[in-house]
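Participant: Counted from 1, the sequence shown has number 381 at position 142 by this note's numbering; the numbering is strictly sequential.
Where a beta carbon is used, it is the ideal one built from N, C-alpha and C, also for glycine.
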Amino acid sequence: MEAEKHNETEFLVMLRNRLPAAYEKLYDMYSGSLNGVIYSVVGDGETARDVLQDTFIKIWENIRLYDEKKGRLFTWMLNIARNNAIDHLRSGSAKIRRNQVASDTLKPHVQEKIGGSSSMNVDTIGVREMLDLLSPEQRTVIEKAYFEGLTRENIAEELGIPVGTVKTQLRAALIRLREYTKENASGH
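1. How about L254 and I296: are their beta carbons less than 7 Å apart?
2. What residue does the alpha helix (DSSP H) around I325 start on, and which one ends it?
3. Could you spell out the range, first to last residue, of the alpha helix (DSSP H) harbouring E397?
4. Run the CB neighbour count on L372, radius 10 Å, all protein chains shown included, and call it buried at 16 or more, exposed below.
5. According to DSSP, is S374 helix, strand or coil?
6. Once the 5 residues before and after F313 are set aside, which same chain residues still bring their CB inside 6 Å of it?
7. Taking Cβ positions, are V281 and A324 nearer each other than 7 Å?
8. Three-state secondary structure (DSSP) at Y269?
9. Grouping DSSP H, G and I as helix and E and B as strand, with all else coil, what is N256?
10. Please report how far the alpha carbon of R378 lies from the alpha carbon of R329, in whole angstroms.
11. Relative to the C-alpha of G271, which residue among G388, S374, M316 and Q408 is closest?
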């Protein structure tokens with residue numbers, strides 16, 4: 240145990256002195272684990288690799304801030320990786336990429352279900368008519384959640400309202416749409 244502690248201390252000295260060999264060793268030792276954590280947050284391999292690269296740059300630039308008395312090096316790096324992945328998800332570019340990945344994934348299935356046509360729009364399937372039943376606030380949150388793919392937190396931030404309000408509006412809108420669907424299905 241003492242030898243491991245001594246080796247880690249020497250390794251930290253090498254990192255803090257910005258020795259390229261230390262950085263390569265750091266990457267070799269921890270990239271797989273950190274990439275796994277990042278991937279579990281972002282859900283896309285290419286994005287995870289980009290975030291991993293940014294993470295190692297942050298680690299390299301901030302290694303002097305690491306305090307071995309507060310915890311292990313791996314734990315410190317893990318927190319940087321996780322926070323970096325979450326920050327990436329919150330950024331606009333990540334939102335666009337997530338929506339593109341989701342769109343690319345769903346497109347073949349949607350086209351298959353509607354007879355191969357890619358010209359489907361919400362007006363032709365009656366969704367626009369249903370959305371007209373909602374209050375402007377409810378309609379806005381439904382459109383942002385289901386057509387733009389935003390999370391409740393993102394919607395709240397974009398609209399400048401509390402997350403609880405977004406949840407309430409979404410729930411009320413879904414209840415109203417469900418009632419409308421039931422009414423029309425039973426011929427009322």
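Facilitator: Quick look at the numbers:
1. no
2. L312 to R329
3. R391 to L398
4. exposed
5. coil
6. none
7. yes
8. In this structure, Y269 counts as helix in the three-state DSSP scheme.
9. coil
10. 23 Å
11. For G271, the closest alpha carbon among the candidates G388, S374, M316 and Q408 is that of M316.
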